[in-house]
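Quick note on the numbering used here: the sequence shown kicks off at 281 and runs consecutively. Virtual Cβ for every residue (Gly too), placed ideally from N, Cα, C.
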Amino acid sequence: MSEVISRKSEGTEYEVVIGLEIHAQLLTDTKIFCGCSTRFGSGHNTQTCPVCIGMPGVLPVLNRRAVEFVVKTGLAMNCTISPYSRFARKNYFYPDLPKGYQISQYELPICGHGYVDIVTDGVERRIGLTRIHMEEDAGKNIHQKDGSLVDLNRAGVPLMEIVSEPDIRTPKEASAFMKKLRAILRYLGVCDGNMEQGSLRCDANVSLRLVGAEDLGTKAEIKNINSFRFVEKALEYEIKRQVNILREGGRIIQETRLWDSSAGITVSMRSKEEAHDYRYFPEPDLVPIEVSREWIDEIRAGLVELPDEKRKRYTEEFGLPDYDAGMLAEERAVAKWFEEAVRLGGKPKAVSNWMMSEFLRLLNETGREISEVPLTPACLVDMLKLMDNGTISGTIAKTVFEEMFHSGKEPGVIVKEKGLVQITDTSEIEKLIDEVLAANPAEVERYRSGETKLQGFFVGRIMKASKGKANPKLVNELLRKKLS
Ligand SMILES: [Zn+2]
Numbered sequence: 281m282s283e284v285i286s287r288k289s290e291g292t293e294y295e296v297v298i299g300l301e302i303h304a305q306l307l308t309d310t311k312i313f314c315g316c317s318t319r320f321g322s323g324h325n326t327q328t329c330p331v332c333i334g335m336p337g338v339l340p341v342l343n344r345r346a347v348e349f350v351v352k353t354g355l356a357m358n359c360t361i362s363p364y365s366r367f368a369r370k371n372y373f374y375p376d377l378p379k380g381y382q383i384s385q386y387e388l389p390i391c392g393h394g395y396v397d398i399v400t401d402g403v404e405r406r407i408g409l410t411r412i413h414m415e416e417d418a419g420k421n422i423h424q425k426d427g428s429l430v431d432l433n434r435a436g437v438p439l440m441e442i443v444s445e446p447d448i449r450t451p452k453e454a455s456a457f458m459k460k461l462r463a464i465l466r467y468l469g470v471c472d473g474n475m476e477q478g479s480l481r482c483d484a485n486v487s488l489r490l491v492g493a494e495d496l497g498t499k500a501e502i503k504n505i506n507s508f509r510f511v512e513k514a515l516e517y518e519i520k521r522q523v524n525i526l527r528e529g530g531r532i533i534q535e536t537r538l539w540d541s542s543a544g545i546t547v548s549m550r551s552k553e554e555a556h557d558y559r560y561f562p563e564p565d566l567v568p569i570e571v572s573r574e575w576i577d578e579i580r581a582g583l584v585e586l587p588d589e590k591r592k593r594y595t596e597e598f599g600l601p602d603y604d605a606g607m608l609a610e611e612r613a614v615a616k617w618f619e620e621a622v623r624l625g626g627k628p629k630a631v632s633n634w635m636m637s638e639f640l641r642l643l644n645e646t647g648r649e650i651s652e653v654p655l656t657p658a659c660l661v662d663m664l665k666l667m668d669n670g671t672i673s674g675t676i677a678k679t680v681f682e683e684m685f686h687s688g689k690e691p692g693v694i695v696k697e698k699g700l701v702q703i704t705d706t707s708e709i710e711k712l713i714d715e716v717l718a719a720n721p722a723e724v725e726r727y728r729s730g731e732t733k734l735q736g737f738f739v740g741r742i743m744k745a746s747k748g749k750a751n752p753k754l755v756n757e758l759l760r761k762k763l764s
């Protein structure tokens, strides 16, 4: 009911139904059916052999590692692993597919019936997964002014396709779902999640139905979306397009559309009438895949702690707010950094606060990844110790932190080099107080006649005069004495 109300208030009588299909390139060293390298960025057609360029008479041999990666992913995403699955030929013609068919999985995929949980605007929702299956990637067409070229380095790179149930309701949820999948894949080390290089890409199915209706509306499929931002933008555009058609009494045509990111619109690529009939049939050159119970158990035993489990543990064990815990757990490298700092004796809450504020700000400003900066967890822990024992104030700590972020120097060295040690000598602080009071006689008069909130004004001036180095607690104590 609340959902109905919220959607009406958004000005639409329609409910949005979205399902995603995510293609993820597996991080195996070699291709799925031959020994060619999968390395990205090598010279055109240098990583090919008769198998992956589709010569007649060759036989594919399945890469065991690819199967292991897909099973691992299936387990991490709460899927049932099929003990028996098989490959199928998906027949179509395209210049980047020299065999004339892609080896994929059809009616017997290796994983099914899973789910992942996502959080948007503080609300957790469970998104079902229909299936995860294995297939080979196609090559790449390179279009030039005077013709087109084909690079087959990518042909035969192992892919998995993760298909969601139509459980997603908003563009924001779609991007949250994609982010969650990417985080899990990166934690597992089965895909690098690099969307710019195309190792993770997404097709989105979207349809509308009247709020409360059971049957699904006619869907449009948006192909090859390669960023989180584009997923949201493409879906927002597509929903508006469909709402407008339906409101004018029109009908949605089942079709495949492309997201044109520069124009900010989706455009029709082909309608259902032109859609391929792939004539799937079982791949006769490969035996069915059998995954034993023992192998599944072995893979399960090797699973790392995943982002959701970490988030839960951080809130329970360290008392962190859910949002902070989620942020720290999202990227494996960030979580590792945080846990290392805690292991070295940093108080979890203090470490988290510095990571969520100053660290995050500096990473955003410099556009760097946590793995690329010289600042180590040990340095942060040392800096926290200097704060705890009164050597530096919180204000000075910010300067020290920024310096550590850029240079990786130890906090003790920075404090020494820059003369940042906190002033705790009372006579020195009293001298600063006297100077500030002498310079502001009117404020002193007002304070003495009852305007005690001016305390903050004086403290600010004194701290500034000490270049942030005076011990704030002593400043407050001594100031109160002087003014009374
Ligand atoms: Zn090959």
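Practice prompt. Quick one: grab the DSSP three-state call for Tyr765.
Written response: With the chain covering only 281 through 764, there is no way to say anything about residue 765.
Discussion item. Considering only their Cβ atoms, is the gap separating Leu624 from Phe685 smaller than 7 angstroms?
Written reply: no
Worksheet item: By a C-beta neighbour count over all protein chains shown, 10 Å radius and 16 as the cutoff for buried, is Asp714 buried or exposed?
Response: exposed
Item to complete: Would you mind working out which of Tyr386, Glu387 and Val430 sits nearest Pro378, comparing C-alpha positions?
Response: Val430
Worksheet entry | Span separating the alpha-carbon of Arg411 from that of Val470 | Each residue's alpha carbon lies about 17 angstroms from the other.
Item to complete: Could you say which of Met458, Val396 and Leu566 lies nearest to Ser384 if we only look at CA atoms?
Response: Leu566
Worksheet item: Mind checking Ile579: buried by the 16 CB within 10 Å criterion, or exposed?
Response: buried
Discussion item. Could you compute how far the alpha carbon of Lys629 sits from the alpha carbon of Lys678?
Written reply: 17 angstroms
Practice prompt. Could you say which of Glu596, Gly380, Tyr517 and Pro587 lies nearest to Gly334 if we only look at CA atoms?
Written response: Gly380
Fill in: Rounded separation between Tyr294 and Ala304 - CA only
32 angstroms
Worksheet item: To the nearest angstrom, how far is it from the Cα of Gly235 to the Cα of Asp557?
Response: Nothing can be reported for residue 235: it is not among the residues displayed for the chain, which extend from 281 to 764.
Worksheet item: For Ser764, which of Asn751, Ala745, Lys749 and Arg726 has the nearest alpha-carbon?
Response: Arg726
Discussion item. Is any non-hydrogen atom of ligand 1 found closer than 6 angstroms to the C-beta of Cys391, if you look at the structure I gave you?
Written reply: no
Practice prompt. Excluding the 5 residues preceding and the 5 following Phe349 in the sequence, name in chain order all residues of the same chain whose CB lies nearer than 6 angstroms to its CB.
Written response: Leu306 and Val470
Worksheet item: Do Asp376 and Gly419 have their C-beta atoms closer together than 7 angstroms?
Response: yes
Fill in: Val331 CB to nearest heavy atom of ligand 1 below 6 angstroms
Yes, since a heavy atom of ligand 1 falls inside the 6 angstroms radius drawn around the Cβ of Val331.
Worksheet item: What did DSSP end up calling Asn701 once you bin it into helix, strand or coil?
Response: For clarity, residue 701 is Val in the given sequence; the question names Asn instead. Note: Val701 maps to coil in three-state DSSP.
Discussion item. Against chain D, with Cβ distances strictly below 7 angstroms, would Lys420 count as a contact?
Written reply: Among the chains in the structure shown there is no chain D, since it carries only a single protein chain.
Worksheet entry | Cβ separation of Glu316 and Thr308, assumed to be a contact under 8 angstroms, to the nearest whole Å | As written in the sequence, residue 316 is Cys, which differs from the Glu given in the question. Actually they do not touch by this definition, with Cβ atoms about 11 angstroms apart.
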